Amino acid sequence: MAEVNDNSSIQLFEDQKIRTAWDAEKEEWYFSIVDVVAVLTEQKDSRSAAKYWSVLKVRLKNEGSELTTNCSQLKMKAADGKRRLTDVANTEQLLRIIQSIPSKKAEPFKAWLAMVGRERIWMRCCRICSLSCLRSSLRRAVRWICRCCERKTIN
Numbered sequence: 052m053a054e055v056n057d058n059s060s061i062q063l064f065e066d067q068k069i070r071t072a073w074d075a076e077k078e079e080w081y082f083s084i085v086d087v088v089a090v091l092t093e094q095k096d097s098r099s100a101a102k103y104w105s106v107l108k109v110r111l112k113n114e115g116s117e118l119t120t121n122c123s124q125l126k127m128k129a130a131d132g133k134r135r136l137t138d139v140a141n142t143e144q145l146l147r148i149i150q151s152i153p154s155k156k157a158e159p160f161k162a163w164l165a166m167v168g169r170e171r172i173w174m175r176c177c178r179i180c181s182l183s184c185l186r187s188s189l190r191r192a193v194r195w196i197c198r199c200c201e202r203k204t205i206n
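So the sequence shown is numbered by the working numbering: it starts at 52 and just counts up by one.
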């Protein structure tokens with residue numbers, strides 16, 4: 052996967068930060084798995100969440116799941132400000148991971164995940180509609196200018 056530099060951002064779930072990246076080419080969100088694990092398991096720091104994710108990866112592999120093989124890594128800003136490779140998952144992969152974590156926050160997190168996706172779709176639609184309206188307005192302006200020019204006679 053290509054590095055998604057310019058589209059990295061922080062999303063908030065119940066005032067907790069989730070590092071995300073938007074891949075415009077694939078039109079897909081990627082979420083830091085460690086951040087999601089920290090939220091769902093209520094870990095106090097990223098080190099504990101990383102350990103939980105590490106154990107979960109081994110367990111999933113032993114169960115025959117290819118989920119961890121299909122997860123990617125992206126450089127994301129860490130707590131110390133440096134960009135480090137971080138395990139990330141798209142929405143579909145993340146939903147599978149969430150199923151493997153016993154948590155009372157799983158359902159609210161799934162709803163949040165849907166909202167994040169909906170917002171991105173809405174933003175994209177708004178841009179498309181705006182461009183369409185702009186083109187339409189420009190066509191009308193050009194026609195008006197052409198009509199005005201045709202009425203003028205050169206002396």
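Beta carbons are placed, not taken as given, at the ideal position from N, Cα and C, and that holds for glycine. None of these values were measured; they are calculated from a predicted model.
Would you identify the three-state DSSP class for residue i, choosing helix, strand or coil?
i	result
GLN124	strand
GLN94	coil
GLU158	helix
ALA75	coil
ILE148	helix
ASP131	coil
SER116	coil
If you compare alpha carbons, which of the options is closest to residue i?
i	options	result
ASN121	THR142, LYS128 and ARG135	THR142
LEU118	LYS68, GLU93, ASP138 and ILE196	ASP138
SER83	ARG190, LYS126 and ARG110	LYS126
LYS161	LYS128, VAL87, LYS95 and ARG134	VAL87
GLN94	ILE152, CYS197, LEU146 and ARG110	ILE152
ALA129	LEU111, LYS108 and LYS68	LYS68
ASP66	LYS112, TRP163 and CYS200	TRP163
ALA157	ASP131, TYR81 and ALA89	ALA89
ASP96	ALA192, VAL193, TRP195 and ASP131	ASP131
List the residues that DSSP assigns as beta-bridge partners of residue i.
i	result
LEU136	LYS126
TYR81	ALA72 and ASN141
Within its chain, find whatever has a CB closer than 8 Å to the CB of residue i; leave out the 5 residues flanking it on each side and keep chain order.
i	result
GLU79	TRP73, ASN141 and THR142
Beta-carbon within less than 6 Å of residue i's beta-carbon, same chain only, minus the 5 sequence neighbours each way: which residues are those?
i	result
THR92	TYR103
SER154	LEU91
ARG134	LYS126 and LYS128
Could you give the distance in angstroms between the alpha-carbon of residue i and the alpha-carbon of residue j?
i	j	result
ALA75	SER99	32 Å
GLN124	LEU136	6 Å
THR106	PRO159	The sequence as given places Val at residue 106; Thr does not occur at that position. Taking the straight line from one Cα to the other gives about 24 Å.
ARG110	GLN144	16 Å
ARG147	GLY115	14 Å
ARG190	ARG70	42 Å
LYS108	ALA101	10 Å
VAL85	ILE149	12 Å
ASN113	LYS77	30 Å
TYR81	CYS197	49 Å
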